[in-house]
Amino acid sequence: MGIGVSVFLLAVGAILTFAINASVSGVDLDTVGVILMIVGVIGLITSMMFWNSWGGFNRGGSDRVVVRDREVL
Numbered sequence: 352m353g354i355g356v357s358v359f360l361l362a363v364g365a366i367l368t369f370a371i372n373a374s375v376s377g378v379d380l381d382t383v384g385v386i387l388m389i390v391g392v393i394g395l396i397t398s399m400m401f402w403n404s405w406g407g408f409n410r411g412g413s414d415r416v417v418v419r420d421r422e423v424l
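Our numbering puts the first residue of the sequence shown at 352, with every later residue one more than the last.
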């Protein structure tokens, strides 16, 4: 689950919990919203942990210079 999906789940959960006052028989929308927000937070935290451990590009400021010798004809 990526950061975008996590933020989407957080938004949908907040809308279901705080903005909608409808009632559906057999389903508590407030509980569903809270569950979606919890899943979104867990997904966001795990995405951030994996993003941090991935390293990205040019991490650590390595000063190595790679030089390849080639024969000029």
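Glycine residues also receive a C-beta, built at the ideal position from the N, C-alpha and C atoms.
Of the residues the options, which one's Cα is nearest the Cα of residue i?
i	options	result
Gly355	Val383, Asn372, Met399, Ser376	Met399
How would you write the range of the alpha helix (DSSP H) that residue i sits in, first residue to last?
i	result
Ser357	354-365
Going by DSSP, name the residue or residues bridged to residue i.
i	result
Val378	Val375
Once DSSP output is grouped into helix, strand and coil, what is the label at residue i?
i	result
Leu387	helix
Val392	helix
Sufficient close CB pairs (3 or more, under 8 Å) joining the region 377-387 to the region 357-364: Because the criterion of three Cβ pairs below 8 Å is met, the region 377-387 and the region 357-364 touch.
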